[in-house]
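Peer 1: Starting off with a structure, shown below.
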Amino acid sequence: MNKHSEFSAMPFDTPLLSLVVPLFNERPMLPLFFERVLPVLAKLDLHWEIVLVDDGSDDGSAQYIRSVIDRTPGVRLIKLSRNFGKEAAMTAGLEHARGDAVIVLDADLQDPPEHIPAMVECWQSGVDVVLMQRRSRAGETAFKRWSAHLFYRLLNRTSHTDIPVDTGDFRLMSRKAIDALLVLKERNRYMKGLFAWIGMPTQIIQYDREPRVAGETKWDYPGLVGLALEGLTSFSVSPLRWATVIGLIAASVGAVFGLWIVVKALMLGDATAGYPSLVAIISFLGGIQLMSVGIVGEYVGKTYMESKQRPVYLTEEVIESPEGVRQHANRKMTETRHVKAV
Ligand code: UDP
Ligand code: MG
1 MNKHSEFSAM
11 PFDTPLLSLV
21 VPLFNERPML
31 PLFFERVLPV
41 LAKLDLHWEI
51 VLVDDGSDDG
61 SAQYIRSVID
71 RTPGVRLIKL
81 SRNFGKEAAM
91 TAGLEHARGD
101 AVIVLDADLQ
111 DPPEHIPAMV
121 ECWQSGVDVV
131 LMQRRSRAGE
141 TAFKRWSAHL
151 FYRLLNRTSH
161 TDIPVDTGDF
171 RLMSRKAIDA
181 LLVLKERNRY
191 MKGLFAWIGM
201 PTQIIQYDRE
211 PRVAGETKWD
221 YPGLVGLALE
231 GLTSFSVSPL
241 RWATVIGLIA
251 ASVGAVFGLW
261 IVVKALMLGD
271 ATAGYPSLVA
281 IISFLGGIQL
291 MSVGIVGEYV
301 GKTYMESKQR
311 PVYLTEEVIE
321 SPEGVRQHAN
331 RKMTETRHVK
341 AV
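In this text, residue positions in the sequence shown follow the UniProt record's numbering: the first is 1, and each later residue adds one.
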């Protein structure tokens, strides 16, 4: 058996830590990932499991993970039927995680696994959520850093839920927090918002975000703009109010201006000449109208998607070693005994 197996001499009622790792075409990263994560886990005084969620990769990630599972019983693979996006993949991982605490981390090692012991320590001291806040974002362009900064601040201004600045999905959550999170059944899953919505005692740890070790980011700018819009419209209806306010201001300015033109023509005999000002005003107002319709459309679209009640993701298969299944069954038995003993 592998020396990093979770199947150690520890008693079965030792708490279980789950790592949830969403991944999409991360084959070049995977060997490095296990190389860095397994030694960290081996040093913990906890049982552990790694729940990898393959979000429709087509680069052989799943085959590689299968080979790891053969050697390492604590690793499990949830294979989704296609690419559902990171938010859905995370949801799948959280639903499948069995741990007393769950840590979400990216497969690309941008969230350094070496922080795991400190996170676990915080959790053991009694907090339900340990948030990892980025002190720096190495390997990202100045423009990405700036737009991320702007987005987090805009998001906090608009929503009533306080979404902590510069935190990503890298975090630890207790079983209590996970169970609360899983009650939120909405289809439009903006995880950062959902994470924040549940509240609970939280501790923030600062860290330096590392550059991606291999492979490349799955986010392009259109994707990020989409996620930003999703974030803004999932957690607040204030954009609808902005549309109303901007419309009101534009209409008032237009009315005053129109009145002024009429007064000028009648009293002073000075008819306003030229159409350029008209074109400018019409295109300005047209733009505002289209934008407002677009904002309303975002919400109508969301309502439509929610009303279909489709699942957030579909699982193709769950791959787990027989040893892993046996360990889980044993843990469950001890859990039942504990309940009876009380
Ligand atoms: N990811 C995923 N599904 C997707 C896109 C990304 O599961 O559709 C995973 C990806 O494999 C990685 C994590 O989400 O483990 C973060 O993605 P990425 O590194 O591309 O994002 P960034 O760090 O640039 O924000
Ligand atoms: Mg990344």
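Glycine is no exception: its CB is placed at the ideal position from the N, C-alpha and C atoms.
Name the residue from GLU317, ILE116, GLY324 and GLY247 whose alpha carbon lies nearest to the alpha carbon of GLY286.
Peer 2: The residue you call residue 286 lines up with position 286 of the sequence shown. Checked all of GLU317, ILE116, GLY324 and GLY247; the closest Cα to GLY286 is GLY247.
Peer 1: For ASN2, which of helix, strand or coil comes out of DSSP?
Peer 2: Residue mapping note: residue 2 aligns to position 2 of the sequence shown, counting from 1. Unreliable positioning characterises ASN2 in this predicted model, as indicated by a pLDDT of 42, which lies under 50. The coordinate reading is nonetheless provided below. Note: ASN2 maps to coil in three-state DSSP.
Peer 1: On the premise that GLY324 lies in contact with PRO73, defined as a C-beta separation below 8 Å, what is that separation, rounded to the nearest angstrom?
Peer 2: Stepping through the sequence shown from its first residue, residue 73 is reached at position 73. Stepping through the sequence shown from its first residue, residue 324 is reached at position 324. With 8 Å as the limit, PRO73 and GLY324 qualify as a contact, their Cβ atoms being about 4 Å apart.
Peer 1: Since ALA92 and ILE78 should fall inside the 8 Å C-beta cutoff, what is the C-beta to C-beta distance between them, to a whole number of angstroms?
Peer 2: Translated into positions along the sequence shown, residue 92 becomes position 92. Translated into positions along the sequence shown, residue 78 becomes position 78. Confirmed, about 5 Å.
Peer 1: Label ALA196 either buried or exposed according to how many other C-beta atoms from any shown protein chain fall within 10 Å of its C-beta, with 16 as the threshold for buried.
Peer 2: Residue numbering aside, residue 196 sits at position 196 when the sequence shown is read from its first letter. Under this definition ALA196 is a buried residue.
Peer 1: Could you name the residues whose beta carbon sits closer than 6 Å to any heavy atom belonging to ligand 2, keeping them in chain order?
Peer 2: ASP106, ASP108, GLN110, ARG212 and THR217
Peer 1: Quick one: does the C-beta of PHE33 sit closer than 7 Å to a heavy atom of ligand 1?
Peer 2: Looking up residue 33 in the sequence shown gives position 33. Using a cutoff of 7 Å, the CB of PHE33 does not count as near ligand 1, since none of the ligand's heavy atoms is closer than that.
Peer 1: When DSSP labels each residue in this structure, what does VAL237 get in the three-state scheme?
Peer 2: The sequence position of residue 237 within the sequence shown is 237, counting from 1. In this structure, VAL237 counts as coil in the three-state DSSP scheme.
Peer 1: Is it true that the CB of THR202 sits closer than 8 Å to the CB of VAL129?
Peer 2: By one-based count along the sequence shown, residue 129 stands at place 129. By one-based count along the sequence shown, residue 202 stands at place 202. For VAL129 and THR202, yes; Cβs fall inside 8 Å.
Peer 1: Under 8 Å, do GLY231 and GLY193 count as touching if we go by C-beta distance?
Peer 2: The sequence position of residue 231 within the sequence shown is 231, counting from 1. The sequence position of residue 193 within the sequence shown is 193, counting from 1. Yes.
Peer 1: Could you check the C-alpha separation between ARG36 and GLU49 for me, to the nearest Å?
Peer 2: Here residue 36 corresponds to residue number 36 of the sequence shown, with the count starting at 1. Here residue 49 corresponds to residue number 49 of the sequence shown, with the count starting at 1. If you take the alpha carbons of ARG36 and GLU49, they lie about 15 Å apart.
Peer 1: Leaving out the 5 sequence neighbours to the left and right, which residues in its chain are closer than 7 Å to residue 345 when beta-carbon positions are compared?
Peer 2: The structure shown has nothing for residue 345, since the chain only spans 1 to 342.
Peer 1: Indicate whether GLN110 and ARG212 have their beta-carbon atoms separated by less than 8 Å.
Peer 2: Within the sequence shown, residue 110 is the residue found at index 110, counting from 1. Within the sequence shown, residue 212 is the residue found at index 212, counting from 1. Yes, they are a contact pair.
Peer 1: Give the DSSP bridge partners of LYS79, in chain order.
Peer 2: Position 79 of the sequence shown, counted from the first residue, corresponds to residue 79. Note: LYS79 sits in a beta bridge opposite ASP54 and GLU317.
Peer 1: What residue range does the alpha helix (DSSP H) around PHE33 cover?
Peer 2: For the purposes of this step, residue 33 is taken as residue 33 along the sequence shown, with counting starting at 1. It spans 30 to 42 - the alpha helix (DSSP H) in which PHE33 sits, taken as one unbroken run.
Peer 1: Here's the rule: buried if 16 or more other CB atoms are within 10 angstroms of the residue's CB, otherwise exposed. What is GLU320?
Peer 2: For the purposes of this step, residue 320 is taken as residue 320 along the sequence shown, with counting starting at 1. With 16 or more other Cβ atoms within 10 Å, it is buried.
Peer 1: Please say whether ILE204 and PRO164 have beta carbons closer to each other than 8 Å?
Peer 2: For the purposes of this step, residue 164 is taken as the residue at position 164 of the sequence shown. For the purposes of this step, residue 204 is taken as the residue at position 204 of the sequence shown. Contact flag set, yes.
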